[in-house]
Amino acid sequence: MTVIYLLMILVLAIFLGFELIRKVPATLHTPLMSGANAISGITLVGAFAFAGSESNLISQILGAFAVFLAAINVVGGYVVTDRMLGMFKAKGERNAK
Amino acid sequence: MQSELIINGVYVLCAALFILGLKLLSHPSTARKGNLLSALGMLLAICVTLIGQNILRYEWIAASLLAGSTVGLIIAKKVQLTSMPELVSLLNGIGGLASLVVSFVMLITVPLPAFITAILLIAIAIGGVTFTGSLVAWAKLSGNMSMLIKTKAMVFKGQALINSLLVLVIVGLGVAIGITPDVHMNTYIFVALCLLLGIMMVIPIGGADMPVVISLLNSYSGLAACAAGIALNNNLLIVAGALVGASGIILTSIMCKAMNRSLSNVLFSGFQAVSGDTIKIEGEVKAISCEDAYYMLEAAQSVLVIPGYGMAVAQAQHAMKELQSLLEENDAEVVYGIHPVAGRMPGHMNVLLAEADVPYELLLEMDEVNPRMENYDIAIVIGANDVVNPAAREIKGSPIYGMPIINADLAKNVFIMKRSMASGFAGIDNPLFFKDNTRMIFGDAKESLNHIIRQFSDD
Numbered sequence: 000m001t002v003i004y005l006l007m008i009l010v011l012a013i014f015l016g017f018e019l020i021r022k023v024p025a026t027l028h029t030p031l032m033s034g035a036n037a038i039s040g041i042t043l044v045g046a047f048a049f050a051g052s053e054s055n056l057i058s059q060i061l062g063a064f065a066v067f068l069a070a071i072n073v074v075g076g077y078v079v080t081d082r083m084l085g086m087f088k089a090k091g092e093r094n095a096k
Numbered sequence: 000m001q002s003e004l005i006i007n008g009v010y011v012l013c014a015a016l017f018i019l020g021l022k023l024l025s026h027p028s029t030a031r032k033g034n035l036l037s038a039l040g041m042l043l044a045i046c047v048t049l050i051g052q053n054i055l056r057y058e059w060i061a062a063s064l065l066a067g068s069t070v071g072l073i074i075a076k077k078v079q080l081t082s083m084p085e086l087v088s089l090l091n092g093i094g095g096l097a098s099l100v101v102s103f104v105m106l107i108t109v110p111l112p113a114f115i116t117a118i119l120l121i122a123i124a125i126g127g128v129t130f131t132g133s134l135v136a137w138a139k140l141s142g143n144m145s146m147l148i149k150t151k152a153m154v155f156k157g158q159a160l161i162n163s164l165l166v167l168v169i170v171g172l173g174v175a176i177g178i179t180p181d182v183h184m185n186t187y188i189f190v191a192l193c194l195l196l197g198i199m200m201v202i203p204i205g206g207a208d209m210p211v212v213i214s215l216l217n218s219y220s221g222l223a224a225c226a227a228g229i230a231l232n233n234n235l236l237i238v239a240g241a242l243v244g245a246s247g248i249i250l251t252s253i254m255c256k257a258m259n260r261s262l263s264n265v266l267f268s269g270f271q272a273v274s275g276d277t278i279k280i281e282g283e284v285k286a287i288s289c290e291d292a293y294y295m296l297e298a299a300q301s302v303l304v305i306p307g308y309g310m311a312v313a314q315a316q317h318a319m320k321e322l323q324s325l326l327e328e329n330d331a332e333v334v335y336g337i338h339p340v341a342g343r344m345p346g347h348m349n350v351l352l353a354e355a356d357v358p359y360e361l362l363l364e365m366d367e368v369n370p371r372m373e374n375y376d377i378a379i380v381i382g383a384n385d386v387v388n389p390a391a392r393e394i395k396g397s398p399i400y401g402m403p404i405i406n407a408d409l410a411k412n413v414f415i416m417k418r419s420m421a422s423g424f425a426g427i428d429n430p431l432f433f434k435d436n437t438r439m440i441f442g443d444a445k446e447s448l449n450h451i452i453r454q455f456s457d458d
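Chains A and B supply the protein sequences, listed in that same order. Quick note: the first sequence, position 67, residue 66 per numbering that gives the first Met the number 0, numbers continuous. Quick note: the second sequence, position 437, residue 436 per numbering that gives the first Met the number 0, numbers continuous.
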């Protein structure tokens with residue numbers, strides 16, 4: 000039953016994703032992708048359970064490695080997206096720089 | 000149990016923040032706020048997960064989290080905006096590798112039912128292909144490894160056969176692992192073959208098709224997280240992964256449409272050799288000096304700029320912005336027409352022009368500029384080739400026939416800034432260069448623009 004419930008979430012999330020992304024203008028496609036990179040760093044949350052386990056060294060090391068990788072994505076993705084979006088200015092705004 | 004409930008409750012909030020963040024990305028004026036909301040959701044997710052009861056020790060987590068964040072921060076601050084395609088493909092790859100590692104650990108350390116094993120193998124396969132595929136894409140984009148990996152399509156005999164065999168072996172191994180999960184050697188080979196498959200898949204794809212590949216790998220990195228989420232029974236991973244996966248799929252389809260090619264055509268064939276040289280383009284190429292170009296620009300009322308990858312290479316966006324300001328002072332209207340596949344990734348040109356302080360209202364899409372093309376006095380093509388090639392409209396035998404293009408040739412005058420007469424990435428002659436209303440400005444785009452700018456100030 001759990002599987003059906005997880006698949007339900009998956010299907011709904013995919014459809015929601017389609018609806019949301021379709022509305023993103025072409026101008027913002029690069030920040031969209033780097034923002035998506037950051038979101039896919041969510042694997043971090045899954046990696047914690049292994050990096051923080053007490054059971055065996057292999058899962059601690061590999062878990063920590065996954066945390067390291069995902070953290071690059073999260074921080075790098077959000078910061079670079081913010082940097083890019085900060086450059087998109089409307090006509091009136093550009094002299095305010 | 001109590002903490003489990005709290006964690007999942009907060010996850011709902013995090014998912015809502017991710018969704019809201021994407022929703023705000025629908026307009027440049029709200030996009031930055033959206034990104035911050037999304038980041039807030041991520042921060043919440045990280046904090047609340049750390050209070051979970053299954054986390055017993057924090058030293059490994061703290062150290063790796065700190066190290067990863069530092070690396071991420073340095074990369075994000077240092078990277079040049081012209082190399083965004085490289086950065087995004089690297090991040091795609093790192094995301095894929097993270098999902099691979101998580102799934103791999105779970106597979107070799109925890110006894111699992113067959114269904115979960117299958118899901119994990121899928122996560123490993125997608126993650127592995129994403130990782131090595133992205134590295135190859137990165138190498139092709141940056142040209143760093145040009146000794147080993149060429150930017151253009153690398154095709155060899157029997158490629159399709161080898162790839163199909165590879166996929167078959169991977170599937171077979173997957174089944175074997177499902178039946179006898181204790182034989183770890185199979186798992187190692189499985190991982191290695193998935194990594195190999197990623198390389199094999201991206202190697203035959205040429206530089207001009209990179210927008211499609213990056214979008215697709217972007218989608219894969221989300222799907223890998225999604226599959227890991229199903230195996231870990233983690234709702235947030237599923238939702239976030241699915242959002243990223245959907246985003247990548249939509250971008251991939253937009254890119255394919257903009258090239259009038261199917262995804263399988265991009266992935267498996269590369270550009271076909273031009274069938275017979277029967278198409279002869281008549282006419283002669285007329286060059287124009289920067290001085291004469293200046294006189295025409297000074298008289299122009301409305302100017303359309305069509306940038307391409309060459310603008311990124313020449314770093315000409317700032318010079319173009321300067322010229323735009325001069326033309327606007329001269330009471331001319333200047334807008335930019337941006338083809339969906341101009342550059343090396345979706346939205347590449349927009350980011351470069353935004354960096355040069357061009358207001359986003361002036362960045363128009365192909366469908367907005369084409370209907371009023373006849374009204375532009377001058378269309379300036381900077382470093383673009385295939386996206387303005389009228390062969391797509393006129394020459395039936397052309398490999399790009401049917402691809403939607405910006406109809407620059409229909410403007411009253413066309414200036415083309417180009418280094419030489421070399422053809423574009425598709426390797427096709429461009430009849431636009433031979434039209435009566437076309438003038439070529441040969442040389443480095445940035446230098447030519449600066450030359451024209453100097454003429455303005457001399458007056």
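By construction, the Cβ of each residue, glycine as well, lies at the ideal position given by its N, Cα and C atoms. Note that the structure is a prediction, hence the values are computed from the model and not measured.
Point to revise | Span separating the alpha-carbon of S252 (chain B) from that of V128 (chain B) | key: Taking the first residue of the second sequence as position 1, residue 252 (chain B) is located at position 253. Taking the first residue of the second sequence as position 1, residue 128 (chain B) is located at position 129. Approximately 20 Å, taken between the alpha carbons.
Check your understanding: Shorter than 8 Å from the beta carbon of S252 (chain B) to some beta carbon of chain A?
Key -> Against the second sequence, residue 252 (chain B) aligns to sequence position 253. No, S252 (chain B) lies away from the interface with chain A (no Cβ there is under 8 Å from its Cβ).
Practice item. State the DSSP-derived secondary structure class of L196 (chain B), mapped to helix, strand or coil. Key: What you label residue 196 (chain B) is simply residue 197 of the second sequence in a count that begins at 1. Looking at L196 (chain B) - three-state DSSP - the assignment turns out to be helix.
Practice item. Could you have a look at S456 (chain B) and say whether DSSP puts it in helix, strand or coil? Key: On the second sequence, position 457 is the one that residue 456 (chain B) refers to. It is helical.
Review point. CB-CB under 7 Å to L80 (chain B), same chain, minus the five flanking residues each way: which ones, in chain order?
Key: The sequence position of residue 80 (chain B) within the second sequence is 81, counting from 1. Closer than 7 Å at the Cβ level, and outside the excluded window around L80 (chain B), lie V350, L351 and E354.
Review point. If we cut at 8 Å on Cβ distances, does M344 (chain B) have a partner in chain A?
Key: Position 345 of the second sequence holds residue 344 (chain B). Chain A, which has a Cβ nearer than 8 Å to the Cβ of M344 (chain B), makes this yes.
Exercise for review: Please compile the residues from chain A whose C-beta is within a distance smaller than 7 Å of the C-beta of R56 (chain B).
Suggested key: The sequence position of residue 56 (chain B) within the second sequence is 57, counting from 1. By Cβ distance, chain A contributes G51 and E53.
Review point. Where I202 (chain B) and E327 (chain B) are concerned, what is the direct C-alpha to C-alpha distance, given to the nearest angstrom?
Key: Locating residue 202 (chain B) in the second sequence gives position 203, where the first residue counts as 1. Locating residue 327 (chain B) in the second sequence gives position 328, where the first residue counts as 1. So the alpha carbons of these two residues sit roughly 45 Å apart.
Exercise for review: Output the distance between the C-alpha atoms of Q300 (chain B) and D457 (chain B), rounded to the nearest integer angstrom.
Suggested key: Here residue 300 (chain B) refers to the residue found at position 301 when the second sequence is read from its first residue. Here residue 457 (chain B) refers to the residue found at position 458 when the second sequence is read from its first residue. Near 20 Å, if we compare the C-alpha coordinates of D457 (chain B) and Q300 (chain B).
Exercise for review: Report the rounded CA-to-CA distance for K256 (chain B) versus H338 (chain B), giving the unit in angstroms.
Suggested key: The sequence position of residue 256 (chain B) within the second sequence is 257, counting from 1. The sequence position of residue 338 (chain B) within the second sequence is 339, counting from 1. Straight-line Cα distance between these residues: approximately 12 Å.
**Study point:** Buried or exposed (CB count within 10 angstroms, at least 16 for buried), V72 (chain A)
**Key:** Here residue 72 (chain A) corresponds to residue number 73 of the first sequence, with the count starting at 1. Looking at the sequence shown, residue 72 (chain A) is not Val but Asn. With 16 or more other Cβ atoms within 10 Å, it is buried.
Practice item. Note down, in chain order, each residue of its chain lying with its Cβ closer than 6 Å to the Cβ of I115 (chain B), except the 5 sequence neighbours on either side. Key: The residue labelled residue 115 (chain B) in the question sits at position 116 within the second sequence. Answer for I115 (chain B): A230, listed in chain order.
Review point. With DSSP run on the structure shown, which of helix, strand or coil describes R438 (chain B)?
Key: Along the second sequence, read from residue 1 onward, the residue named residue 438 (chain B) stands at position 439. Three-state result, R438 (chain B): strand.
Review point. Taking 8 Å as the CB-CB limit, is I20 (chain A) close to chain B?
Key: Here residue 20 (chain A) refers to the residue found at position 21 of the first sequence. Answer yes: the Cβ-Cβ gap between I20 (chain A) and chain B drops below 8 Å somewhere.
Practice item. Note down, in chain order, every chain B residue with its Cβ under 7 Å from the Cβ of I8 (chain A). Key: Taking the first residue of the first sequence as 1, we reach residue 8 (chain A) at position 9. Within 7 Å Cβ-Cβ: N234, I237 and V238.
Point to revise | Close beta carbons around M348 (chain B), own chain, < 6 Å, minus the five adjacent residues each side | key: Against the second sequence, residue 348 (chain B) aligns to sequence position 349. Here the set comprises P306, I337, A341 and G342.
Exercise for review: Below 8 Å on the Cβ atoms is my guess for V44 (chain A) versus I161 (chain B); work out the distance and round it to an integer in Å.
Suggested key: As a first step, residue 44 (chain A) is located in the first sequence; it is residue number 45 there, counting from the start. As a first step, residue 161 (chain B) is located in the second sequence; it is residue number 162 there, counting from the start. The pair is not a contact, with the Cβ atoms about 37 Å apart (cut-off 8 Å).
Exercise for review: Please report the residue range of the alpha helix (DSSP H) in which F414 (chain B) lies.
Suggested key: The residue you call residue 414 (chain B) lines up with position 415 of the second sequence. Taken as a continuous stretch (DSSP letters only), F414 (chain B) belongs to no alpha helix (DSSP H), being part of the beta strand (DSSP E) at N412 to K417.
Practice item. Answer yes or no: does any C-beta atom of chain A fall closer than 8 Å to that of A97 (chain B)? Key: Within the second sequence, residue 97 (chain B) is the residue found at index 98, counting from 1. Closer than 8 Å: yes.
Point to revise | Range covered by the alpha helix (DSSP H) that runs through E327 (chain B) | key: What you label residue 327 (chain B) is simply residue 328 of the second sequence in a count that begins at 1. Segment Q316 to E328, the alpha helix (DSSP H) holding E327 (chain B).
Review point. Going by the beta-carbon positions, is the gap between N369 (chain B) and L431 (chain B) smaller than 8 Å?
Key: Numbered from 1 along the second sequence, position 370 holds the residue referred to as residue 369 (chain B). Numbered from 1 along the second sequence, position 432 holds the residue referred to as residue 431 (chain B). Against a cut-off of 8 Å, the Cβ pair of L431 (chain B) and N369 (chain B) comes out as no contact.
Exercise for review: Have a look at B:K411, B:N185 and B:Y359 and flag the residue whose alpha-carbon is nearest the alpha-carbon of R469 (chain B).
Suggested key: Chain B is shown from 0 up to 458; residue 469 (chain B) falls before or after that span and cannot be answered.
Check your understanding: Quick one: what's P306 (chain B) bridged to in DSSP?
Key -> For the purposes of this step, residue 306 (chain B) is taken as residue 307 along the second sequence, with counting starting at 1. Per DSSP, B:I381.
Practice item. Confirm, please, whether the CB-CB distance from A122 (chain B) to A226 (chain B) is below 8 Å. Key: Within the second sequence, numbered from 1, the residue matching residue 226 (chain B) stands at position 227. Within the second sequence, numbered from 1, the residue matching residue 122 (chain B) stands at position 123. For A226 (chain B) and A122 (chain B), yes; Cβs fall inside 8 Å.
Check your understanding: Which same chain residues, not among the five before or five after G92 (chain B), have their C-beta less than 6 Å away from its C-beta?
Key -> Position 93 of the second sequence, counted from the start, is the residue given in the question as residue 92 (chain B). The answer, listed in chain order, is F130, S133 and L134.
Check your understanding: Just checking my contact of S58 (chain A) with V104 (chain B) at CB under 8 Å: how many whole Å lie between their CB atoms?
Key -> Residue 58 (chain A) sits at position 59 when you count from the first residue of the first sequence. Residue 104 (chain B) sits at position 105 when you count from the first residue of the second sequence. Confirmed, Cβ separation roughly 5 Å.
Review point. Which residue's Cα is closest to the Cα of L21 (chain B): A:A70, A:S54 and A:Y77?
Key: Numbered from 1 along the second sequence, position 22 holds the residue referred to as residue 21 (chain B). When only C-alpha atoms are compared, the closest one is A:Y77.
Practice item. Identify which residue in A:G40, A:R21, A:I3 and A:H28 has its Cα closest to the Cα of L84 (chain A). Key: Locating residue 84 (chain A) in the first sequence gives position 85, counting from the first residue. The shortest C-alpha separation from L84 (chain A) is found at A:H28.
Practice item. Please name the residue or residues paired with I337 (chain B) in a DSSP beta bridge. Key: In the second sequence, the residue the question calls residue 337 (chain B) occupies position 338. Partner(s): B:E364.
Practice item. List the DSSP bridge partners of S288 (chain B). Key: Within the second sequence, numbered from 1, the residue matching residue 288 (chain B) stands at position 289. None, per the DSSP bridge assignment.
Check your understanding: Hey, is F189 (chain B)'s beta-carbon within less than 8 Å of any beta-carbon in chain A?
Key -> Reading the second sequence from its first residue, position 190 is the one you call residue 189 (chain B). No, no contact with chain A.
Review point. Do G95 (chain B) and G126 (chain B) have their C-beta atoms within less than 8 Å of each other?
Key: Indexing the second sequence from 1 puts residue 95 (chain B) at position 96. Indexing the second sequence from 1 puts residue 126 (chain B) at position 127. Contact flag set, yes.
Point to revise | Cβ of Y359 (chain B) within 8 Å of any chain A Cβ | key: Locating residue 359 (chain B) in the second sequence gives position 360, counting from the first residue. Yes - at least one Cβ of chain A is within 8 Å of the one on Y359 (chain B).
Exercise for review: Just the C-alpha distance for R392 (chain B) and D366 (chain B), rounded to the nearest angstrom, thanks.
Suggested key: Against the second sequence, residue 392 (chain B) aligns to sequence position 393. Against the second sequence, residue 366 (chain B) aligns to sequence position 367. C-alpha separation (whole angstroms): 15 Å.
Practice item. Measure the Cβ-Cβ separation of S220 (chain B) and V23 (chain A) and say whether it is below 8 Å. Key: As a first step, residue 220 (chain B) is located in the second sequence; it is residue number 221 there, counting from the start. As a first step, residue 23 (chain A) is located in the first sequence; it is residue number 24 there, counting from the start. No.
Practice item. Could you have a look at S54 (chain A) and say whether DSSP puts it in helix, strand or coil? Key: Locating residue 54 (chain A) in the first sequence gives position 55, where the first residue counts as 1. Coil at S54 (chain A), not helix or strand.
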